[in-house]
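Visitor: Numbering (the UniProt record's numbering), first residue to last: 1 to 170.
Please see the structure below; I have some questions.
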């Protein structure tokens with residue numbers, strides 16, 4: 001039984017956002033819960049945690065995180081334009097745009113894109129598309145409680161309910 005208050009505070013990044021603040025290849029963090037101490041070291045993580053714990057309100061916590069991240073900003077690092085434009089296209093289509101269409105049928109770019117995605121985002125463009133599409137389906141489920149899964153699958157641009165279920169299980 002909890003004996004006190006529990007507060008939760010998290011920072012959420014766009015798919016290309018976190019790469020600007022850390023030097024660790026994102027492929028090494030894929031599908032893992034990674035403590036902040038693993039990325040920035042025990043001392044820095046402990047100091048940041050203490051500042052957040054002792055902050056008087058959420059606004060102060062946000063200011064602490066913003067200041068911390070501003071100091072960690074890796075100005076020498078930048079996300080490749082092909083990665084940014086692919087992510088933007090996936091976000092604009094709720095993950096349903098085929099990578100082939102984004103690359104405008106240029107198959108020679110596909111391997112290059114997948115390699116850059118792995119390094120800079122930590123997953124393939126196809127995996128990111130699935131995540132974005134599942135998030136869109138989840139929003140539909142939360143906003144339209146009476147809808148059937150089949151209808152949600154179609155509205156999320158899945159071919160059928162089986163494709164939706166397969167992506168959900170992965």
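Virtual Cβ for every residue (Gly too), placed ideally from N, Cα, C.
Since the structure is predicted, the reported quantities are computational estimates derived from the model, not experimental observations.
What distance in whole Å lies between the Cβ atoms of residue 64 and residue 51, which are believed to be in contact at a cut-off of 8 angstroms?
Guide: 5 angstroms
Visitor: Give a yes or no on contact between the region 16-31 and the region 96-116, applying the rule of three or more CB pairs nearer than 8 angstroms.
Guide: Here the region 16-31 makes no contact with the region 96-116; the two share fewer than three CB pairs at distances below 8 angstroms.
Visitor: Please say whether residue 5 and residue 84 have beta carbons closer to each other than 8 angstroms?
Guide: Cβ distance not < 8 angstroms, so residue 84 and residue 5 don't count as in contact.
Visitor: I'd like to know whether the C-beta atoms of residue 152 and residue 142 end up nearer to each other than 8 angstroms.
Guide: no
Visitor: Does the pairing of the region 38-48 with the region 85-105 give three or more beta-carbon distances under 8 angstroms?
Guide: no
Visitor: Identify whether residue 170 lies in helix, strand or coil by the three-state DSSP scheme.
Guide: coil
Visitor: For residue 137 versus residue 164, is the C-beta spacing smaller than 8 angstroms?
Guide: yes
Visitor: Identify whether residue 160 lies in helix, strand or coil by the three-state DSSP scheme.
Guide: coil
Visitor: Quick check: residue 156 and residue 133, are their CB atoms within less than 8 angstroms of each other?
Guide: yes
Visitor: So, under 8 angstroms CB-CB, residue 29 and residue 90 are touching, yes? Tell me the CB distance rounded to an integer number of Å.
Guide: About 20 angstroms separates the two Cβ atoms, so there is no contact after all.
Visitor: Nearest to residue 9 by CA position, among 33, 104, 55, 158, is which residue?
Guide: 55
Visitor: Below 8 angstroms CB to CB, which residues in the same chain sit around residue 58 once its five sequence neighbours on both sides are set aside?
Guide: 9
Visitor: How many Å lie between residue 27 and residue 123 at the Cα?
Guide: 7 angstroms
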